[in-house]
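*Asks:*
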Amino acid sequence: MQCSRILLAFSLLIVMATGCSSHKEYVRRPLITEEEDNKTVPKPKERDIELYEDGLENVAGRPVRDFFNLAAHYRKLTNNYKQAKNVNAMQEVPNSTWFTNRHGMTRMTIEELQQGPNRGTGPATEGIWTVVGAKVEGVSPGFTIKDIRGDVYFLKFDLKGYPQLNTAPEVITTKFVYALGYNTPENYLSVLDPKRLQLGEGVTYKNKYLRDVPMKEEDIQLALEKAHQTPEGTYRVVASKRLSGTPVGPFKYSGTRGDDGNDHVPHSHRREMRGYKIVAAWLNNVDSKANNTLDMYVEEDGKRFVKHYILDFATSLGAGGNGPASAARGAHGAADFGNMIFRALTLGLYVEPYEKKLGSKFSPSVGYFDSELYNPGNFAFIIPNPAFVRATELDAFWGAKLVMSFTDEDIRAIVETGEYTNKSDEDHVVQTLIGRRDKTGRYWFKKINPLDNFRLDPATNSKVAIAFDDLAVKYGFAIAEQTTYRYTLRHHGKVLSDYAYSRDQSQVSFNVKMSHAIARALTNANDPSGRDRIFSFRIETQRGQSGYKKYVDVYFYLPIPGSETPELVALERQN
177 MQCSRILLAF SLLIVMATGC SSHKEYVRRP LITEEEDNKT VPKPKERDIE
227 LYEDGLENVA GRPVRDFFNL AAHYRKLTNN YKQAKNVNAM QEVPNSTWFT
277 NRHGMTRMTI EELQQGPNRG TGPATEGIWT VVGAKVEGVS PGFTIKDIRG
327 DVYFLKFDLK GYPQLNTAPE VITTKFVYAL GYNTPENYLS VLDPKRLQLG
377 EGVTYKNKYL RDVPMKEEDI QLALEKAHQT PEGTYRVVAS KRLSGTPVGP
427 FKYSGTRGDD GNDHVPHSHR REMRGYKIVA AWLNNVDSKA NNTLDMYVEE
477 DGKRFVKHYI LDFATSLGAG GNGPASAARG AHGAADFGNM IFRALTLGLY
527 VEPYEKKLGS KFSPSVGYFD SELYNPGNFA FIIPNPAFVR ATELDAFWGA
577 KLVMSFTDED IRAIVETGEY TNKSDEDHVV QTLIGRRDKT GRYWFKKINP
627 LDNFRLDPAT NSKVAIAFDD LAVKYGFAIA EQTTYRYTLR HHGKVLSDYA
677 YSRDQSQVSF NVKMSHAIAR ALTNANDPSG RDRIFSFRIE TQRGQSGYKK
727 YVDVYFYLPI PGSETPELVA LERQN
């Protein structure tokens, strides 16, 4: 009996939580476009993140704690997830030391997309490359070299038998990720003639026992034996230029860095970190973990602060760390216990879709990379990423907008910089990225009302109109003629009008009744902050006969006539 009462009370709480609609009050203030997290701070202590320790925490530690987190389960039941904490009033991400709005906000030219983060031409094509560091153990070799100009680069190779498999994705994915706004290294395709390599003084490398041992000339040759060599005896490499500043170790996708005075928002609650889940899934970058990031203590414009980089993309697209990626990539993580139990209970008789693709033929320069099996709503990363796990549909919608910002021409232009030898390989990567892009947009634009790019048009029939882009229609996922918008006028959370309807794909505007309602509401408007002059449209969208879906609230300020121009104040989306 007591248990029944508890369950009843809990159910009532859920009904009350889901049935009550709260509203926010807004005031006019400049839109935040800069986070200003680049104030001068003392240099943090350099740190390492142990790969296995971090992996165990994200595979077992964090999931177990989340399982016993009753508040998190309650939020899930009530669809009241914790939203990102670093967005502005228009639900966008301000520029910061983590992210700079680029192609998703203001389109880059083809030349800018192909250039990416690169500001030079790569290592000197003449003279000696002096080896000043090396990675000899493991499957793939790597060298740190200094060219005759004194610039330092880390060289990455293709594995033997797989020309372009790792070097092309490193360059291509770098440019996509940079274009979307993230900080990345400058990565150049270059050619290494082993005759130009010269071992520097006092160079050491870590052996298989993780001990530093002196490097010898024969160690260079042994390392190169693992890399793919061209018929001319050279090696195609990615030369990743040393980042400016002082490295202080990777960043985590959760928590904050205690010794960075500018780091105040938990990383798992940053929208650009959560939304990166959608970008990484599109690019098949399953190895998105802390050890593939780097914090740099930099000096820019006279200020010293920490800047955050994402790096190491050689295992994206169809490439793996030991050769081509498997068809299973994206289906399950390294420790998908639920799937393990399911397979055990079904005695392994259930055949997964990807298993039907195992053994498929693919180019050794591309690996297995397809759009057919790609599931944007259920893409698995090797190790659970805490920011990705906490991504809400609003974060995913933001990430999908970034992915959809690339046109077919944009994608082709960036893939060309991977310099595949065979045109068929280039075409395959381009078409696969286009297919995965469209799947991404189609899926996530159904989860959220995809009206975006709101702006005021005060010159429409002498009435204020709110213009917008319906992204589902814009990208061909919905039919304009089968789309209807209904909207109500609201003030301080109170509905002032009946539903108005529009088939116009570009705007909604006041009708006569709304204008009268505004006049009545403003009769006693005397709040010096201007809060009384802030109204909102709640807009819902219908496709065909499917019923009206989630709403979006657009808040706007109406000034005293003749004094100022109306302006948008804020945006809220139903999750």
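Just so it is clear: in the sequence shown, position 166 is 342 by the working numbering, and no numbers are missing.
Note that CB positions come from ideal geometry on N, CA and C, so glycine has one too.
In this structure, how does DSSP classify Y452 when only helix, strand and coil are distinguished?
*Replies:* In the sequence shown, counting from the first residue as 1, residue 452 sits at position 276. Residue state, collapsed to three classes: helix.
*Asks:* With a threshold of 16 other CB atoms inside 10 Å of the CB of K215, please say whether the residue is buried or exposed.
*Replies:* On the sequence shown, residue 215 is found 39 positions in, with the first residue counted as 1. It is exposed - the Cβ of K215 has fewer than 16 other Cβ atoms within 10 Å.
*Asks:* Please go through the same chain and pick out, in chain order, the residues whose beta-carbon is closer than 8 angstroms to the beta-carbon of T432, but skip the five residues on each side of it.
*Replies:* What you label residue 432 is simply residue 256 of the sequence shown in a count that begins at 1. Result list for T432: D439, H440, V441, P442, H443, in chain order.
*Asks:* For L698, tell me which candidate among R719, Y677, R666, E210 has the shortest Cα-Cα distance.
*Replies:* If you number the sequence shown from 1, residue 698 lands on position 522. Minimum Cα distance to L698 is reached at R666.
*Asks:* Rank A504, L341, T659 by C-alpha distance to the C-alpha of S678 and give the top, closest one.
*Replies:* For the purposes of this step, residue 678 is taken as the residue at position 502 of the sequence shown. Answer by Cα proximity: T659.
*Asks:* Going by C-alpha to C-alpha distance, which of Y485, P370, G494 sits closest to V424?
*Replies:* Here residue 424 corresponds to residue number 248 of the sequence shown, with the count starting at 1. Out of Y485, P370, G494, Y485 has the C-alpha closest to the C-alpha of V424.
*Asks:* Return the first residue and the last residue of the alpha helix (DSSP H) that F352 is part of.
*Replies:* To locate residue 352, count along the sequence shown from 1; it is residue 176. Segment 343–356, the alpha helix (DSSP H) holding F352.
*Asks:* Once you ignore the five residues that flank G720 on each side, which residues in its own chain have a CB closer than 7 angstroms to its CB?
*Replies:* Mapped onto the sequence shown, residue 720 falls at position 544. Same-chain partners within the cutoff: Q658.
*Asks:* Across which residues does DSSP place W305 in a beta bridge pair?
*Replies:* Taking the sequence shown and counting its residues from 1, one reaches residue 305 at position 129. BP columns for W305 point to L373.
*Asks:* Less than 8 angstroms between the beta carbons of L341 and S536, yes or no?
*Replies:* The residue given as residue 341 occupies position 165 in the sequence shown. The residue given as residue 536 occupies position 360 in the sequence shown. No; because the gap between Cβ atoms is not below 8 angstroms, this pair is not in contact.
*Asks:* Round the Cβ separation of I304 and R372 to the nearest angstrom and send it over; I've been treating them as touching at under 8 angstroms.
*Replies:* The sequence position of residue 304 within the sequence shown is 128, counting from 1. The sequence position of residue 372 within the sequence shown is 196, counting from 1. I304 to R372, Cβ: 6 angstroms. Contact.
*Asks:* If contacts are defined as beta-carbon pairs under 8 angstroms, then A300 and V745 qualify, I think. What distance do you get, rounded to the angstrom?
*Replies:* Here residue 300 is taken as the residue at index 124 of the sequence shown, counted from 1. Here residue 745 is taken as the residue at index 569 of the sequence shown, counted from 1. Actually they are not in contact, since the Cβ atoms of A300 and V745 sit about 54 angstroms apart, beyond 8 angstroms.
*Asks:* Using the Cβ count rule (16 or more neighbours within 10 Å means buried), how would you classify D471?
*Replies:* Start at 1 with the first residue of the sequence shown, and residue 471 comes out as number 295. Buried, since its Cβ has 16 or more Cβ neighbours within 10 Å.
*Asks:* Quick check on H445: does DSSP put it in helix, strand or coil?
*Replies:* On the sequence shown, residue 445 is found 269 positions in, with the first residue counted as 1. Reduced to three states, the DSSP call for H445 is helix.
*Asks:* Quick check on the DSSP output: what are the complete alpha helix (DSSP H) runs of length 4 or more inside the stretch 216–240, in order along the chain?
*Replies:* As far as the stretch 216–240 is concerned, its whole alpha helix (DSSP H) runs of at least 4 residues are 227–232.
*Asks:* Can you find the residues in the same chain that come closer than 8 angstroms, C-beta to C-beta, to N795, ignoring five residues on each side of it along the sequence?
*Replies:* Beyond the ends of the chain as shown, which are 177 and 751, falls residue 795; an answer cannot be given.
*Asks:* By Cβ distance, which residues of its chain are closer than 6 angstroms to N687, with the 5 residues on each side in sequence left out?
*Replies:* For this step, residue 687 is matched to residue 511 along the sequence shown. Excluding positions up to five away in sequence, the list reads A676.
*Asks:* Under three-state DSSP, which class holds H667?
*Replies:* The count along the sequence shown starts at 1 and reaches residue 667 at position 491. Three-state DSSP puts H667 in a strand.
*Asks:* Taking only runs of the beta strand (DSSP E) that begin and end inside the stretch 664–712, which ones reach a length of at least 3 residues, in chain order?
*Replies:* Complete beta strand (DSSP E) runs here, min 3: 676–678, 683–685.
*Asks:* Output the distance between the C-alpha atoms of P756 and P361, rounded to the nearest integer angstrom.
*Replies:* A query on residue 756 cannot be resolved here, the shown segment of the chain reaching from 177 to 751 and no further.
*Asks:* Using a 10 Å radius around the Cβ and a threshold of 16 neighbouring Cβ atoms, would you call R709 buried or exposed?
*Replies:* One-based indexing of the sequence shown puts residue 709 at position 533. Its Cβ being crowded by 16 or more others within 10 Å, R709 is buried.
*Asks:* At least one CB of chain C closer than 8 angstroms to the CB of W305: is that the case?
*Replies:* Absence of chain C from the displayed structure is noted, only one protein chain being present.
*Asks:* Closer than 7 angstroms by C-beta to G458: which residues in its own chain qualify, once you throw out the five before and the five after it? Chain order, please.
*Replies:* Against the sequence shown, residue 458 aligns to sequence position 282. As written in the sequence, residue 458 is Trp, which differs from the Gly given in the question. Same-chain partners within the cutoff: V579, R612, R613, T616.
*Asks:* Got a sec, what are the start and stop residues for the beta strand (DSSP E) V328 sits in?
*Replies:* To locate residue 328, count along the sequence shown from 1; it is residue 152. Taken as a continuous stretch (DSSP letters only), the beta strand (DSSP E) holding V328 covers 328–333.
*Asks:* Beta-carbon within less than 7 angstroms of T608's beta-carbon, same chain only, minus the 5 sequence neighbours each way: which residues are those?
*Replies:* Reading the sequence shown from its first residue, position 432 is the one you call residue 608. Once the five neighbours on either side are set aside, the close Cβ partners of T608 are F545, D546, S547.
*Asks:* Measure the Cβ-Cβ separation of H508 and A572 and say whether it is below 8 angstroms.
*Replies:* Residue mapping note: residue 508 aligns to position 332 of the sequence shown, counting from 1. Residue mapping note: residue 572 aligns to position 396 of the sequence shown, counting from 1. No. Outside cutoff.
*Asks:* Could you pull the start and end residues of the alpha helix (DSSP H) that S366 belongs to?
*Replies:* If you number the sequence shown from 1, residue 366 lands on position 190. Segment 363–368 is the beta strand (DSSP E) holding S366; no alpha helix (DSSP H) there.
*Asks:* Specify, as a first and last residue, the run of the beta strand (DSSP E) that Y411 falls within.
*Replies:* One-based indexing of the sequence shown puts residue 411 at position 235. Here the beta strand (DSSP E) through Y411 covers 411–417.
*Asks:* Following the continuous beta strand (DSSP E) through T469, name the residue where it begins and the one where it ends.
*Replies:* Working through the sequence shown from its first residue, we reach residue 469 at position 293. 469–476 is the extent of the beta strand (DSSP E) around T469.
*Asks:* Going along the chain, which unbroken runs of the alpha helix (DSSP H) with 4 or more residues stay wholly within the stretch 567–623?
*Replies:* List check, alpha helix (DSSP H) in window: 569–580, 584–592, 599–620.
*Asks:* Expressed to the nearest angstrom, what Euclidean distance is found between the alpha-carbon atoms of A403 and Q397?
*Replies:* Position 227 of the sequence shown, counted from the first residue, corresponds to residue 403. Position 221 of the sequence shown, counted from the first residue, corresponds to residue 397. Approximately 10 angstroms between the Cα atoms of the pair.
*Asks:* For K599 and I610, what's the separation of their Cα atoms in angstroms?
*Replies:* The sequence position of residue 599 within the sequence shown is 423, counting from 1. The sequence position of residue 610 within the sequence shown is 434, counting from 1. Taking the straight line from one Cα to the other gives about 17 angstroms.
*Asks:* Just to confirm, are I568 and Y358 a CB contact at a threshold of 8 angstroms?
*Replies:* Taking the sequence shown and counting its residues from 1, the one referred to as residue 568 is at position 392. Taking the sequence shown and counting its residues from 1, the one referred to as residue 358 is at position 182. A small fix is needed here, since residue 568 is Thr in this sequence, not Ile. Their beta carbons are not under 8 angstroms apart, which means T568 does not touch Y358 by this criterion.
*Asks:* Who are the Cβ neighbours of S673 in its own chain at under 7 angstroms, not counting the five residues just before and after it?
*Replies:* For the purposes of this step, residue 673 is taken as residue 497 along the sequence shown, with counting starting at 1. Closer than 7 angstroms at Cβ, skipping near neighbours: T664, L665, K689, M690, A693.
*Asks:* Within 10 Å of its beta-carbon, does I517 have 16 or more other beta-carbons around it, so buried, or fewer, so exposed?
*Replies:* Against the sequence shown, residue 517 aligns to sequence position 341. Counting Cβ neighbours within 10 Å, I517 comes out exposed, since fewer than 16 surround it.
*Asks:* Assign F244 to one of two classes, buried (16 or more other C-beta atoms within 10 Å of its C-beta) or exposed (fewer than that).
*Replies:* Position 68 of the sequence shown holds residue 244. It is exposed - the Cβ of F244 has fewer than 16 other Cβ atoms within 10 Å.
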